[in-house]
Amino acid sequence: MKYRVPSYFDTFRCIGGVCQDTCCAGWYIAIDEATYKKYKKVKDPVMKKRLDKELVAKKGPVSSEHVAKIKLKNNRCAFLSSEGLCDLYTHLGEQYLSQTCQLYPRTFNQVNDTLECSLALSCPEAARRILLNPEGITFKEEERAEKQVVISARLTVNPQKPKGYQDYLLEIRQFLIERLQKREDPFQLRFLKLEAYMRELDHLVRIGALKKIPSFIQERTFNERQNKTIVSEASYDERAYVILLDALKSMRNGKKWPSPSYEAFYEEMLQGLDKEGGFNKQQFEKGCQIYEETFLNSYSYILENYFVNYIYERAVPLDGETLLQSLAYLKTYKQLIELHLIGLVLHHESLTKEKVVNFLQAFTKVFDHNELYRKQLIKAIENK
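Take a look at the structure:
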């Protein structure tokens with residue numbers, strides 16, 4: 109099988125009980141059909157009793173990937189030991205782990221005949237591997253021996269006979285990643301250019317000029333006048349951040365976030381931005397300046413790596429129904445992350461790269477693994 113592998117993928121190793129988070133905290137743990145049948149045949153009397161007690165058959169429609177789940181106790185998997193280790197693994201062996209538990213945080217998408225490997229940022233060690241590389245993320249393609257994987261998405265594209273912009277997924281995505289990694293420009297300018305590229309690609313689609321996409325990708329550059337225009341737009345849209353902050357507060361009202369780590373970051377962000385119970389414009393502008401000076405000027409590669417991985421893992425621009433919807437999702441995530449980081453820098457007066465990585469891991473655990481939160485957030489923004 110042909111694999112597409114990012115540079116961080118093969119360096120990852122689970123650090124087990126010394127991890128500051130646990131894979132199964134705050135989520136339901138789905139059990140696939142094959143693993144469920146194994147659990148029903150367990151002979152060990154102690155483990156059999158625990159499995160009978162802690163496994164719950166899924167109600168409603170089931171699939172081979174999800175026929176049951178494991179109960180949570182104090183927001184943790186019922187089989188997680190006090191040392192942070194998995195009792196199923198310890199007492200029964202690796203072969204008794206569900207598909208999800210065996211593979212996480214590894215994810216696989218199939219594009220034509222290629223399996224694309226990536227890691228989920230919701231894992232702290234994966235987040236460090238992905239984000240803390242000043243050299244940036246690179247990719248290689250190679251043949252690997254086939255092994256059992258769970259494929260999250262299967263995509264078929266045909267740029268030779270395109271029926272839509274979707275057939276140019278590989279070309280568009282690579283183009284966006286390369287532009288985001290052009291470090292001769294500051295990160296904010298790179299992102300603004302990326303937005304402009306996606307709007308122009310959308311224009312080509314709307315006028316029915318699909319076959320011009322390859323030449324656009326090969327030739328598109330900004331001249332000096334266009335650069336100056338984009339630079340003049342490079343400011344923080346205060347209204348967008350107010351809308352996001354109100355949406356977050358509405359979502360949080362009456363119910364804690366599922367991740368205690370994110371809950372702590374959320375409260376610190378509020379204390380930085382919202383000290384007097386409302387959005388303070390002068391405080392926000394001060395935060396933007398400190399954010400630029402103390403973090404972005406030194407560690408923008410962390411955000412570069414985050415969004416390169418975002419574009420790669422989500423197969424941008426196929427994560428939306430249109431190019432502009434895909435762009436809207438991307439821009440919302442950037443503004444949402446910036447909102448938190450500006451609030452955090454106001455609260456702490458500076459930001460370390462370790463704190464930013466810890467925040468992005470906790471943020472991902474809430475917003476990337478819970479469709480409800482994402483839908484609520486997008487809906488709140490659209491209603492404004």
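So that you can map any letter, position 80 of the sequence shown is 188 in this note's numbering, and since no number is skipped, the others follow by simple counting.
Think of the CB as a built atom: it goes at the ideal place given N, C-alpha and C, for glycine as much as any other residue.
Proximity to residue i [Cα-Cα], best of the options
i	options	result
I238	L480, E490, L468	L468
Y437	H448, G395, E490, S458	E490
F324	G201, Y305, R314, I315	Y305
F187	M155, K357, R121, L485	M155
R262	E308, D427, Q390	D427
V150	G201, K357, G192	G201
N388	F117, V350, Y197, L459	V350
I137	Y273, E162, Y420	E162
S369	R422, S115, Q128	Q128
L432	S171, V416, V313	V313
Q484	E462, L353, D221	L353
T440	R482, Y197, K167, E421	R482
Y273	Y111, N241, K473, P425	P425
V203	I123, K146, N266	The identity of residue 203 in the sequence shown is Gln, whereas the question assumes Val. Per the Cα distances, K146.
P242	F471, L452, N413, L447	N413
N266	L240, R236, D221, R291	D221
H448	Y276, L356, F415, K248	L356
E479	K461, P366, F120	P366
P213	S260, L193, C131, P270	C131
E224	G362, M109, P232, D345	M109
Y399	K461, K363, L435, R422	K461
R236	F475, I285, K463, K487	K463
T430	D118, I321, D310, K167	D310
Y344	T472, R158, L159, K442	K442
Q390	N217, S260, E346	E346
L284	R184, D195, N183, I321	I321
A348	L240, D160, A488	A488
G316	D476, P169, K271	K271
R287	Q268, Q256, Q326, T264	Q326
D476	Q268, R422, C209	R422
F120	N182, V170, L240, S190	L240
I123	L159, K157, C194, P169	C194
L196	R158, F415, K269	R158
N217	T264, I280, Q379	T264
8 Å contact criterion, which residue i and residue j should meet: CB distance rounded
i	j	result
T215	S226	5 Å
I450	C396	6 Å
G244	Y407	That belief does not hold up - the Cβ atoms of G244 and Y407 are roughly 13 Å apart, past 8 Å.
F392	L381	6 Å
D140	V175	7 Å
S115	T246	5 Å
Y111	E249	7 Å
Beta-bridge partners of residue i, as assigned by DSSP
i	result
Q218	L223, R262
E250	Y111
Rounded C-alpha distance that separates residue i from residue j
i	j	result
K301	K179	46 Å
V219	T402	40 Å
R360	L278	38 Å
E375	L459	16 Å
L211	V465	22 Å
L318	Q282	17 Å
S230	E457	26 Å
V453	A372	14 Å
R307	M377	32 Å
Q296	Q289	12 Å
K177	A165	6 Å
E233	N417	15 Å
D118	A228	14 Å
P294	E303	15 Å
K473	Y276	30 Å
V258	R252	16 Å
V126	G192	8 Å
K167	S260	22 Å
E292	R298	9 Å
T143	H455	46 Å
S358	G386	14 Å
L411	K364	27 Å
A470	S434	23 Å
E173	T208	9 Å
I486	P153	48 Å
S190	R184	10 Å
K269	F415	29 Å
G362	K181	21 Å
D160	Q379	45 Å
K255	K394	52 Å
S171	I280	33 Å
K148	R328	59 Å
Report the start-end ranges of each beta strand (DSSP E) in the region 133-194 that is 3 residues or longer and not cut off at the edges. DSSP runs (the beta strand (DSSP E)) wholly in the region 133-194: 137-139, 163-165, 176-178.
What residue ranges within the region 356-419 form continuous alpha helix (DSSP H) runs of no fewer than 4 residues, ordered along the chain? Listed in chain order, the complete alpha helix (DSSP H) runs (minimum 4 residues) inside the region 356-419 are 368-381, 389-399.
Just to confirm the assignment: which complete alpha helix (DSSP H) runs, minimum length 4, are found wholly within the region 300-331? For the region 300-331, whole alpha helix (DSSP H) runs of length 4 or above, ordered along the chain, are 321-327.
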